[in-house]
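Heads up: the sequence lines are chains V and A, in that order.
Position 35 (the first sequence) corresponds to 35 in the UniProt record's numbering; numbering is contiguous.
Position 149 (the second sequence) corresponds to 149 in the UniProt record's numbering; numbering is contiguous.
Take a look at the structure set out below.
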Amino acid sequence: MSVGLDKEAGAAPVPEDGSPALLELRDLHVFYGAIEALKGVSLTVAEGEVVALLGGNGAGKSTTLKTASGMMAPRTGEVWLRGERVDGIKSHELVRFGIGHVPEGRRVFPRMTVLENLRMGAYRLRRPDPADIDRVFTLFPVLAQRRKQVSGTLSGGEQQMLAIGRALMGKPELLLLDEPSMGLAPLIVQQIFEILKEINDQGTTLLLVEQNASQALQLADRGYVLETGSVVMADEASALLADPRIRAAYLGEAAE
Amino acid sequence: MSLSDIWDVLVLGLVLGSLYAVIAIGYTLVYGVLQLLNFAHSEVFMAGGFGGVIALTLIEPAVDPSGLQSALYVLLGILGGAILGGLVAFGLEKAAYRPLRRRNAPRLVFLITAIGASFFLYNLAGKMFGRYPLPMPTMYENRQVFEIFGTSVSVTQLLILVAGLLMLVTVDFVVNRTKLGSGIRAVAQDPEVASLMGVDIDKVVSRTFVLGGLMGGVAGFLFGTNLQVEYTMGFLPGITAFAAAVLGGIGNVRGAMLGGLTLGVVESFTVELWGDGWRYVGAFVVLVLVLMFRPTGILGERVGRTA
Chain V
1 MSVGLDKEAG AAPVPEDGSP ALLELRDLHV FYGAIEALKG VSLTVAEGEV
51 VALLGGNGAG KSTTLKTASG MMAPRTGEVW LRGERVDGIK SHELVRFGIG
101 HVPEGRRVFP RMTVLENLRM GAYRLRRPDP ADIDRVFTLF PVLAQRRKQV
151 SGTLSGGEQQ MLAIGRALMG KPELLLLDEP SMGLAPLIVQ QIFEILKEIN
201 DQGTTLLLVE QNASQALQLA DRGYVLETGS VVMADEASAL LADPRIRAAY
251 LGEAAE
Chain A
1 MSLSDIWDVL VLGLVLGSLY AVIAIGYTLV YGVLQLLNFA HSEVFMAGGF
51 GGVIALTLIE PAVDPSGLQS ALYVLLGILG GAILGGLVAF GLEKAAYRPL
101 RRRNAPRLVF LITAIGASFF LYNLAGKMFG RYPLPMPTMY ENRQVFEIFG
151 TSVSVTQLLI LVAGLLMLVT VDFVVNRTKL GSGIRAVAQD PEVASLMGVD
201 IDKVVSRTFV LGGLMGGVAG FLFGTNLQVE YTMGFLPGIT AFAAAVLGGI
251 GNVRGAMLGG LTLGVVESFT VELWGDGWRY VGAFVVLVLV LMFRPTGILG
301 ERVGRTA
């Protein structure tokens with residue numbers, strides 16, 4: 001797929017008071033050794049939005065998230081959070097800027113209980129906020145039932161819920177989610193996306209990497225399509241959902 | 001071997017085993033956060049022995065100390081051991097291992113560095129304090145404190161048992177109930193995600209070394225009580241404690257405790273039954289046997305980090 005980038009239609013809404021976007025990535029070039037994984041990625045996420053990042057394997061979706069949360073440093077390019085330049089700041093310091101990252105493959109701490117995992121999510125705070133634990137248990141009642149259970153023994157769906165809940169414990173303004181639907185049954189995926197919508201309604205901004213393009217675009221306000229390290233499309237989610245090229249490439253429909 | 005003999009040997013074994021357990025925790029904690037077999041930990045133990053002697057020599061203990069004086073001397077020795085042990089462990093991590101982590105060095109390089117650091121440290125001690133044993137200043141009269149089932153327990157034995165148990169309880173609390181402990185466990189299970197939660201890995205690793213070093217240092221002092229300290233004193237207890245950590249399941253704190261006590265008791269019975277020449281044979285035979293049937297150790301659950 002090689003299509004032009006429509007810069008106008010896919011632009012993030014600009015706040016009326018002229019305040020900076022919540023997250024802005026500017027021309028990121030990121031390398032793994034000699035391999036250039038991101039070749040000039042730029043994107044913006046405004047406060048309150050849900051933005052989806054689509055693309056095939058190796059397109060650079062996870063690398064984009066990792067660069068935004070400080071797990072990787074760009075060789076050139078800039079990362080801005082609420083008007084502050086943060087590239088080069090390590091991830092353990094970056095969490096103070098209100099960024100939460102739910103990593104690919106869930107990666108809960110397997111030998112900690114559900115409750116201990118949630119407390120780890122609040123590590124940056126002086127102590128976990130009980131209201132946040134209540135909030136997570138309200139969003140994910142199944143976690144409340146399993147609070148004393150060792151996390152390695154949870155099902156995949158429960159681990160995903162725990163990974164999201166753990167990230168919420170750090171009171172993020174911006175939540176980065178890396179393939180929350182991976183390897184889960186359709187019913188569970190639907191449930192998780194409903195909860196993501198609720199989390200967004202409660203005021204958390206979401207940047208979502210997904211292979212499951214139709215689920216992601218139904219939830220998202222806007223979307224970016226990445227291909228071999230570059231943004232090739234950016235548009236309103238509804239427009240992307242209707243775009244025949246997207247439908248052919250990511251929704252399994254034959255091209256017209 | 002009569003019943004009271006068995007009891008005698010068991011008490012000796014538990015005293016020795018509690019020291020092994022305390023040292024083993026230093027190995028197991030560091031292994032947990034870095035997957036590193038820190039063979040220089042035996043030199044942390046040795047440094048603790050010298051720390052105790054130095055602290056006590058500085059104040060020149062009274063010839064016939066009162067009970068209060070004795071207690072103060074012991075506390076001072078413990079403090080000296082803890083401080084020097086903690087400092088050496090802290091410096092070791094900073095100077096030897098951190099530069100390797102910065103460069104993402106392979107596992108083997110860490111191992112060789114550990115062995116090199118061990119040689120360096122004990123030869124440094126030999127150079128600084130002389131290559132002959134230094135006597136531990138007398139802190140108390142090592143009389144019998146009480147008798148239990150016909151076995152008399154001396155001041156030194158009681159001291160080592162109580163201090164050892166206190167340290168084991170404390171470290172268990174720190175690892176399982178404190179913020180530092182949750183950081184240590186998170187880094188052991190998934191360092192990358194731990195840093196996404198706001199855990200400063202460098203800080204946690206450094207404090208893990210210090211925690212192990214404080215305890216190893218106190219163990220070194222306790223080991224030297226009523227005896228002597230020497231620049232090579234770390235080697236055998238260090239290797240045995242390392243074996244204890246492996247026996248219990250390396251990376252597992254309670255496993256290290258169990259392994260330490262087990263090897264102490266086994267060693268004590270081996271000496272009683274076959275003589276001092278067989279001292280380390282029994283413990284290592286047990287180690288080999290257990291690992292044949294449970295390669296991950298008594299309480300170990302896994303081989304790699306991936307879960």
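For each residue, glycine too, the CB sits at the ideal point set by N, CA and C.
Where residue i meets chain V, residues with beta-carbon distance less than 7 angstroms
i, result
"Ala186 (chain A)", "Phe109, Met120"
"Val199 (chain A)", "His92, Tyr123"
Heavy atom of the ligand SAM within 7 angstroms of residue i beta-carbon
i, result
"Ser206 (chain A)", "For the ligand SAM, the structure offers nothing, since it holds no ligand at all."
Any chain V beta carbon closer than 8 angstroms to residue i
i, result
"Val193 (chain A)", "yes"
"Ile112 (chain A)", "no"
"Ser152 (chain A)", "no"
"Ala105 (chain A)", "no"
"Gly304 (chain A)", "Residue placement at Gly304 (chain A) is flagged as unreliable, the pLDDT there being 43, under the threshold of 50; the coordinate-derived value follows with that caveat. Chain V contact via Cβ: absent."
"Ser118 (chain A)", "no"
Minimum Cβ-Cβ distance from residue i to chain A less than 8 angstroms
i, result
"Gly88 (chain V)", "no"
"Thr84 (chain V)", "Here the sequence assigns Glu to residue 84 (chain V), which means Thr is not the residue at that position. It does not; no Cβ of chain A falls within 8 angstroms."
"Met182 (chain V)", "no"
"Gly157 (chain V)", "no"
"Pro186 (chain V)", "no"
"Glu104 (chain V)", "no"
"Met1 (chain V)", "Low confidence applies here, because Met1 (chain V) scores a pLDDT of 43, under 50, leaving its location unreliable; read the following figure in that light. By this cut-off, Met1 (chain V) is not an interface position."
"Glu116 (chain V)", "yes"
"Gly170 (chain V)", "yes"
Residue i, enclosing beta strand (DSSP E) - first and last residue
i, result
"Thr151 (chain A)", "151 to 154"
"Ala12 (chain V)", "It is not in any beta strand (DSSP E) - Ala12 (chain V) carries neither H nor E in the DSSP assignment."
"Trp80 (chain V)", "76 to 81"
"Ser230 (chain V)", "230 to 236"
"Thr44 (chain V)", "35 to 45"
"residue 340 (chain V)", "There is simply no residue 340 (chain V) to check, as chain V begins at 1 and stops at 256 in what is shown."
Alpha-carbon spacing of residue i relative to residue j, whole angstroms
i, j, result
"Tyr73 (chain A)", "Gly33 (chain V)", "57 angstroms"
"Ser133 (chain V)", "Pro110 (chain V)", "Correcting the residue identity first, residue 133 (chain V) is Ile in this sequence and not Ser. If I take the Cα positions, the gap works out to 19 angstroms."
"Ile298 (chain A)", "Gly260 (chain A)", "12 angstroms"
"residue 318 (chain A)", "His92 (chain V)", "The displayed coordinates of chain A run from 1 to 307. Any statement about residue 318 (chain A) would go beyond what the structure contains."
"Leu125 (chain V)", "Lys179 (chain A)", "11 angstroms"
"Gly264 (chain A)", "Phe242 (chain A)", "12 angstroms"
"Glu147 (chain A)", "Leu222 (chain A)", "21 angstroms"
"Lys94 (chain A)", "Thr138 (chain A)", "35 angstroms"
"Asn117 (chain V)", "Val187 (chain A)", "13 angstroms"
"Thr44 (chain V)", "Asp178 (chain V)", "17 angstroms"
"Ser230 (chain V)", "Leu25 (chain V)", "12 angstroms"
"Pro133 (chain A)", "Leu111 (chain A)", "29 angstroms"
"Leu10 (chain A)", "Val109 (chain A)", "40 angstroms"
"Ser238 (chain V)", "Ser195 (chain A)", "36 angstroms"
"Pro244 (chain V)", "Glu36 (chain V)", "29 angstroms"
"Ser118 (chain A)", "Leu219 (chain V)", "58 angstroms"
"Arg107 (chain A)", "Leu92 (chain A)", "17 angstroms"
"Ile250 (chain A)", "Leu258 (chain A)", "11 angstroms"
"Thr28 (chain A)", "Ala256 (chain A)", "7 angstroms"
"Gly121 (chain V)", "Val209 (chain V)", "21 angstroms"
"Pro20 (chain V)", "Thr205 (chain V)", "14 angstroms"
"Pro295 (chain A)", "Ala24 (chain A)", "18 angstroms"
"Ser62 (chain V)", "Leu207 (chain V)", "11 angstroms"
"Gly40 (chain V)", "Met182 (chain V)", "27 angstroms"
"Phe31 (chain V)", "Arg254 (chain A)", "42 angstroms"
"Arg177 (chain A)", "Gly183 (chain A)", "11 angstroms"
For residue i, the first and last residue of its enclosing alpha helix (DSSP H)
i, result
"Thr205 (chain V)", "First-last for Thr205 (chain V): 205 to 209, but that is the beta strand (DSSP E), not the alpha helix (DSSP H)."
"Val63 (chain A)", "Note, Val63 (chain A): premise wrong, no alpha helix (DSSP H); not H, not E."
"Gln190 (chain V)", "186 to 201"
"Ser69 (chain V)", "Note, Ser69 (chain V): premise wrong, no alpha helix (DSSP H); not H, not E."
"residue 328 (chain A)", "Outside the displayed range of chain A (1 to 307) lies residue 328 (chain A), so it cannot be described from this structure."
Proximal residues of chain A, C-beta to C-beta of residue i below 8 angstroms
i, result
"Ser69 (chain V)", "Leu196"
Neighbouring residues, chain V, relative to residue i (Cβ below 8 angstroms)
i, result
"Gln189 (chain A)", "Phe109, Pro110, Arg111, Met112"
"Ser206 (chain A)", "Result: empty, since nearest Cβ-Cβ is about 14 angstroms, beyond 8 angstroms."
Partner residues on chain A for residue i, Cβ-Cβ distance less than 9 angstroms
i, result
"His29 (chain V)", "By Cβ distance, chain A contributes nothing, its closest Cβ being about 21 angstroms from His29 (chain V), past 9 angstroms."
"Val95 (chain V)", "Ser195, Leu196, Met197, Gly198"
Contacts that residue i makes with chain A (C-beta to C-beta distance below 7 angstroms)
i, result
"Val209 (chain V)", "Neighbours of Val209 (chain V) on chain A: none; closest Cβ ~15 angstroms, over 7 angstroms."
Amino acids of chain V, ordered along the chain, whose beta-carbon sits closer than 9 angstroms to that of residue i
i, result
"Ser70 (chain A)", "Those do not exist, as Ser70 (chain A) stays about 42 angstroms from chain V at its closest Cβ, beyond 9 angstroms."
Between the segment 78 to 92 of chain A and the segment 45 to 56 of chain A, do three or more beta carbon pairs fall short of 8 angstroms? Yes: the two stretches touch, three or more of their Cβ pairs being nearer than 8 angstroms.
For the segment 21 to 35 of chain A against the segment 202 to 210 of chain A, do three or more pairs of beta-carbon atoms, one drawn from each stretch, fall closer than 8 angstroms, so that the two count as touching? Segments in contact, yes.
Counting Cβ pairs, one atom from each stretch, are 3 or more of them under 8 angstroms apart for the segment 224 to 240 of chain A and the segment 121 to 128 of chain A? Between the segment 224 to 240 of chain A and the segment 121 to 128 of chain A there are three or more C-beta pairs closer than 8 angstroms, enough to call the two in contact.
Are there three or more Cβ pairs, one per stretch, closer than 8 angstroms when the segment 55 to 69 of chain V is compared with the segment 84 to 100 of chain V? Counting Cβ pairs under 8 angstroms, three or more are found: they touch.
Would you call the segment 167 to 177 of chain V and the segment 99 to 114 of chain V in contact, with 3 or more CB pairs under 8 angstroms? As far as the Cβ criterion goes, the segment 167 to 177 of chain V touches the segment 99 to 114 of chain V, which means the pair count is three or higher.
Validate contact between the segment 51 to 61 of chain V and the segment 146 to 163 of chain A using beta carbons, cut 8 angstroms, 3 pairs: Flag = no, the segment 51 to 61 of chain V and the segment 146 to 163 of chain A do not touch.
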